[in-house]
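J.:
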Amino acid sequence: MNDIAKETISANLVQEMRRSYLDYAMSVIVGRALPDVRDGLKPVHRRILFAMAQLGNDWNK
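Heads up, the sequence shown is in the numbering used here, so the first residue is 99 and it goes up one at a time.
This is the structure:
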């Protein structure tokens, strides 16, 4: 039988969930929700514009 966890660490569930959610929320805000200072675009908008340029969908056509 495979032993995945060799030891257990006891933790307060409420505190662990609060800390984990806060870490996740901050990473989402910093990584996805805030526009970049350089061009004012969010990552999703930058990907869309890049894909449109690759397909030849320009604003002046």
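All residues carry an ideal CB built from backbone N, CA and C; glycine is no exception.
Could you give the first and the last residue of the continuous alpha helix (DSSP H) run that contains SER118?
T.: First-last of the alpha helix (DSSP H) with SER118: 111-126.
J.: For ARG136, name the three-state secondary structure that DSSP assigns.
T.: Residue state, collapsed to three classes: coil.
J.: Tell me whether GLY129 sits in a helix, a strand or coil according to DSSP, three-state version.
T.: Residue state, collapsed to three classes: helix.
J.: How far does the alpha helix (DSSP H) with ALA103 in it reach, from first residue to last?
T.: Counting along the chain, ALA103 falls outside any alpha helix (DSSP H), and DSSP gives it neither H nor E.
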